[in-house]
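Residue numbers (this note's numbering), protein chains in the order written: chain A, 1 to 157; chain B, 158 to 314.
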DNA sequence: ATTTATATTGATAATGATTATCATTTCCAT
DNA sequence: ATGGAAATGATAATCATTATCAATATAAAT
């Protein structure tokens with residue numbers, strides 16, 4: 001599928017219409033599902049939830065729409081190592097809702113954290129600037145995850 | 158498979174023997190491959206390379222060994238979004254070789270960078286300390302990737 | 001309103017990386 | 001040597017994701 005926004009900017013820019021895409025029922029439904037949850041949903045999770053409201057929507061469309069949303073920067077795709085991708089509505093790195101993840105390698109639990117972000121954002125901004133200069137790399141997004149053991153898993157040797 | 162090092166420390170600690178595992182030909186061969194390259198190899202890449210030296214080694218063993226290596230912390234597994242996992246010999250975050258990745262979402266190219274790490278390490282150390290205190294989460298590793306467009310892909314709208 | 005070109009959809013099948021199974025072989029401790 | 005756990009490798013199974021393709025819906029043009 002040819003992307004219409006090849007040079008488009010990262011977050012929340014020119015949504016669908018601005019990019020030449022149509023805002024359809026399935027797409028709206030999928031965005032609604034993403035907007036109504038704080039969880040980290042897989043494609044199939046989303047499919048099941050959307051299906052409740054619009055039973056005619058197929059899994060293929062969910063995957064396609066997510067691909068589109070990720071590409072346009074409206075949605076983030078994460079990999080926590082359990083073999084299926086997770087999706088979250090994107091909020092720019094400066095936004096209130098922006099968070100990073102703690103991934104428990106024991107039980108797979110994901111903890112969002114938004115604390116300690118202040119200094120991180122500042123450092124990341126500088127780092128991105130340096131990377132842009134040195135590698136001519138235009139950064140549109142970043143991924144930060146901490147791996148380790150959550151409280152419950154530290155006891156179980 | 159039951160892990161023998163349930164409470165074991167993260168990096169390069171107590172390698173195989175210390176963990177109760179045997180250092181076998183296949184395992185040595187896989188470690189050699191990982192040690193001799195700076196690339197980001199997939200399981201199948203590794204399989205092919207190991208096969209050159211030891212044709213009897215099967216793909217299953219490669220996967221199993223990588224799983225083991227990742228679990229013991231000797232190897233990192235990365236996901237760059239192209240559907241297959243990549244593996245790198247682990248070096249502790251303080252080590253010289255430690256690097257983060259720039260992932261080009263245009264062509265899939267991966268750029269390692271080790272610059273600007275100094276301040277990052279310092280900040281990460283503080284962040285990890287805070288996370289440990291607040292969430293009782295014992296951090297053993299972190300993942301930082303920047304996504305964007307490499308120089309070559311910025312022209313092609 | 002009708003036509004026309006294009007976008008979007010959904011059912012199905014295909015792909016491909018990773019895992020499970022299981023019989024066989026290797027290795028260590030006794 | 002020998003008993004038993006650990007490790008291996010061939011094969012089949014799993015399962016998330018993609019490709020295919022005919023059918024439908026939409027926007028723009030007439």
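Cβ coordinates follow ideal geometry from the N, Cα and C atoms, glycine included.
Bear in mind the structure is a predicted one, so any value in this text is a computation, not a measurement.
Proximal residues of chain B, C-beta to C-beta of residue i below 7 Å
{"i": "residue 138 of chain A", "result": "305, 306 and 311"}
{"i": "residue 41 of chain A", "result": "Under the 7 Å cutoff, chain B gives no residues; its nearest Cβ is about 18 Å from residue 41 of chain A."}
Cβ-based neighbour list, residue i, same chain, cut-off 6 Å, excluding 5 preceding and 5 following
{"i": "residue 130 of chain A", "result": "none"}
{"i": "residue 216 of chain B", "result": "204"}
{"i": "residue 112 of chain B", "result": "This structure gives no information on residue 112 of chain B, because the portion of chain B shown stretches from 158 to 314."}
{"i": "residue 226 of chain B", "result": "232"}
{"i": "residue 105 of chain A", "result": "147"}
{"i": "residue 163 of chain B", "result": "At residue 163 of chain B, the pLDDT of 41 sits below 50, so the modelled position is not reliable; the number obtained from the coordinates is stated separately. For residue 163 of chain B, where only same-chain residues beyond five positions count, there are no Cβ hits under 6 Å."}
{"i": "residue 57 of chain A", "result": "26 and 50"}
CB contact flag (residue i, residue j, <7 Å)
{"i": "residue 205 of chain B", "j": "residue 267 of chain B", "result": "no"}
{"i": "residue 177 of chain A", "j": "residue 307 of chain B", "result": "For residue 177 of chain A there is no data in the structure shown, the boundaries of chain A being 1 and 157."}
{"i": "residue 103 of chain A", "j": "residue 154 of chain A", "result": "no"}
{"i": "residue 281 of chain B", "j": "residue 123 of chain A", "result": "no"}
{"i": "residue 89 of chain A", "j": "residue 143 of chain A", "result": "no"}
Status (buried if at least 16 other CB within 10 Å, exposed otherwise) for residue i
{"i": "residue 200 of chain B", "result": "buried"}
{"i": "residue 147 of chain A", "result": "buried"}
{"i": "residue 181 of chain B", "result": "exposed"}
{"i": "residue 114 of chain A", "result": "exposed"}
{"i": "residue 52 of chain A", "result": "exposed"}
{"i": "residue 120 of chain A", "result": "buried"}
{"i": "residue 83 of chain A", "result": "exposed"}
{"i": "residue 265 of chain B", "result": "exposed"}
Chain-order list of residues whose beta-carbon lies under 7 Å from that of residue i (same chain, five-residue window excluded)
{"i": "residue 79 of chain A", "result": "85"}
{"i": "residue 222 of chain B", "result": "183, 184 and 187"}
{"i": "residue 220 of chain B", "result": "200"}
{"i": "residue 218 of chain B", "result": "183"}
Contacts of residue i in chain A (Cβ-Cβ under 7 Å)
{"i": "residue 181 of chain B", "result": "Within chain A, no residue comes near residue 181 of chain B; the closest Cβ sits about 25 Å away, beyond 7 Å."}
{"i": "residue 248 of chain B", "result": "Those within 7 Å of residue 248 of chain B in chain A number zero; the least Cβ separation is about 16 Å."}
{"i": "residue 189 of chain B", "result": "Chain A residues near residue 189 of chain B: none, gap ~25 Å exceeds 7 Å."}
The ligand HEM heavy atom lying under 6 Å from the CB of residue i
{"i": "residue 312 of chain B", "result": "Of the ligands one can find in the structure shown there are none, so the ligand HEM has no counterpart to examine."}
Own chain partners of residue i with C-beta closer than 8 Å, once the 5 adjacent residues on each side are dropped
{"i": "residue 296 of chain B", "result": "285, 288 and 289"}
{"i": "residue 99 of chain A", "result": "112, 113, 114 and 117"}
{"i": "residue 202 of chain B", "result": "196"}
Within chain B, partners of residue i - CB distance below 9 Å
{"i": "residue 133 of chain A", "result": "Those within 9 Å of residue 133 of chain A in chain B number zero; the least Cβ separation is about 10 Å."}
{"i": "residue 119 of chain A", "result": "280, 283 and 284"}
Contacts that residue i makes with chain A (C-beta to C-beta distance below 9 Å)
{"i": "residue 268 of chain B", "result": "131, 135 and 137"}
{"i": "residue 239 of chain B", "result": "Under the 9 Å cutoff, chain A gives no residues; its nearest Cβ is about 11 Å from residue 239 of chain B."}
{"i": "residue 259 of chain B", "result": "131, 135, 137 and 139"}
Neighbouring residues, chain A, relative to residue i (Cβ below 8 Å)
{"i": "residue 236 of chain B", "result": "79 and 81"}
Contact list for residue i against chain B, beta-carbon separation under 8 Å
{"i": "residue 142 of chain A", "result": "301, 302, 303 and 304"}
> Can you list, in chain order, the stretches of the beta strand (DSSP E) that have 3 or more residues and sit fully within the stretch 88-157 of chain A?
Replying inline: As far as the stretch 88-157 of chain A is concerned, its whole beta strand (DSSP E) runs of at least 3 residues are 100-104, 110-113 and 138-149.
> Which full runs of the alpha helix (DSSP H) of 4+ residues lie inside the stretch 40-92 of chain A, going along the chain?
Replying inline: Within the stretch 40-92 of chain A, the complete alpha helix (DSSP H) runs of at least 4 residues are 43-53 and 59-72.
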